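Novice:
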Amino acid sequence: MNLNCTKEACVDNIADAINVEKKGADQIELCSRLDLDGLTPSKKLILQTIRRVSIPIKVMIRSRPGNFTYNQNDVNTMLDSIEFCQKNGINEIAFGALNSNRKIDEKIINQIVSKYTGLNITFHKAIDLVDNQINEIKKLLKFNQIKAVLTSGGQKNAVDGQENIKKLFERFKDEIDIIAAGSITNKNIKKIHKTLGLKIYHGKKIVDS
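Residue numbers for the sequence shown follow this note's numbering, so the first one is 342 and each next one is one higher.
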């Protein structure tokens with residue numbers, strides 16, 4: 342099924358990483374604990390995936406489950422994970438941080454982008470928890486290393502959030518990639534793509550299992 346878009350498969354183990362490549366995924370977001378909406382994968386899993394998979398790998402950087410408001414210990418842990426990724430040739434990460442007011446935590450983003458140049462960052466679905474997505478995405482535009490935003494349009498899944506995702510795409514399509522996510526599967530991606538027309542879609546079941 343050639344839809345002229347990029348299919349990003351979210352996986353949390355090496356067997357699935359190998360399988361989604363065989364089934365036609367264009368790139369991988371590598372996590373651990375998808376049952377907790379994804380945490381930073383282990384160093385072992387990162388290295389296994391680098392060795393066994395040839396499509397691009399994006400690594401989730403999220404040190405713990407729960408909210409996306411982090412203290413400095415959390416940040417230090419995530420900085421160490423980013424350093425490990427870069428040392429092993431991975432420069433694509435998914436990351437998001439909010440402050441206690443549910444706005445983008447620009448201070449934490451500054452720590453990351455100032456320490457690790459050459460990163461390509463996708464700001465993940467923490468963006469779905471903010472009060473005004475357009476205002477918060479505008480803040481992300483000042484960071485050249487943030488290349489994409491992963492979103493369900495502030496809804497529980499991409500189908501429910503289609504109208505909002507479309508608005509975000511139309512508003513920001515020349516400035517940052519909008520990646521649709523949330524219950525996108527190989528069975529509904531064709532219909533969703535016909536409605537949205539995005540470049541990139543993300544899901545755990547985005548290719549045949």
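C-beta atoms are modelled at their ideal positions from N, C-alpha and C, and glycine is treated no differently. Note that the structure is a prediction, hence the values are computed from the model and not measured.
Which ranges does the beta strand (DSSP E) cover as unbroken runs of at least 3 residues, wholly within the segment 368-407, from first to last along the chain?
Specialist: 368-371 and 398-401
Novice: Excluding sequence positions up to five away, which residues of its chain have a Cβ less than 6 Å from the Cβ of Gly-494?
Specialist: Within the same chain, Gly-494 has close Cβ partners Gly-502, Asn-505 and Ile-506.
Novice: For Arg-403, does the count of other Cβ atoms within 10 angstroms reach 16, so buried, or fall short, so exposed?
Specialist: Around the C-beta of Arg-403, 16 or more other C-beta atoms lie within 10 Å, and the residue is accordingly described as buried.
Novice: Candidates Ile-449, Ala-366, Cys-372 and Ala-521: which alpha carbon is nearest Asp-415's?
Specialist: Ranking Ile-449, Ala-366, Cys-372 and Ala-521 by Cα distance to Asp-415 puts Ile-449 first.
Novice: What separation, rounded to the nearest whole angstrom, lies between the Cα atoms of Asn-440 and Gln-474?
Specialist: Asn-440 and Gln-474 have their alpha carbons spaced roughly 14 Å apart.
Novice: Going by beta carbon distance, what residues of the same chain come within less than 8 Å of Ile-355, once the five residues before and after it are set aside?
Specialist: Leu-386, Gln-389, Thr-390 and Arg-393
Novice: Of the choices Pro-397, Lys-479 and Tyr-457, whose alpha-carbon is the least far from that of Phe-425?
Specialist: Tyr-457
Novice: From which residue to which residue does the alpha helix (DSSP H) around Asp-353 run?
Specialist: Run containing Asp-353: none; DSSP gives neither H nor E here.
Novice: Is Leu-482 helix, strand or coil when you go by DSSP?
Specialist: coil
Novice: Tell me, which residues are paired with Asn-461 by DSSP?
Specialist: Glu-433
Novice: If you check the beta carbons only, do Ile-517 and His-543 fall under 9 Å apart?
Specialist: In this structure, Ile-517 lies away from His-543, with their beta-carbon atoms at least 9 Å apart.
Novice: Measure the CB-CB distance between Ile-468 and Ile-478 and report whether it falls below 9 Å.
Specialist: yes
Novice: Hey, could you find the ends of the alpha helix (DSSP H) Thr-536 is sitting in?
Specialist: 530-537
Novice: So is Asp-376 buried or exposed if we call it buried at 16+ other beta carbons inside 10 Å?
Specialist: exposed
Novice: Identify whether Ile-525 lies in helix, strand or coil by the three-state DSSP scheme.
Specialist: coil
Novice: Any contact between the segment 395-412 and the segment 366-382? By contact I mean 3 or more CB pairs, one from each, below 8 Å.
Specialist: yes
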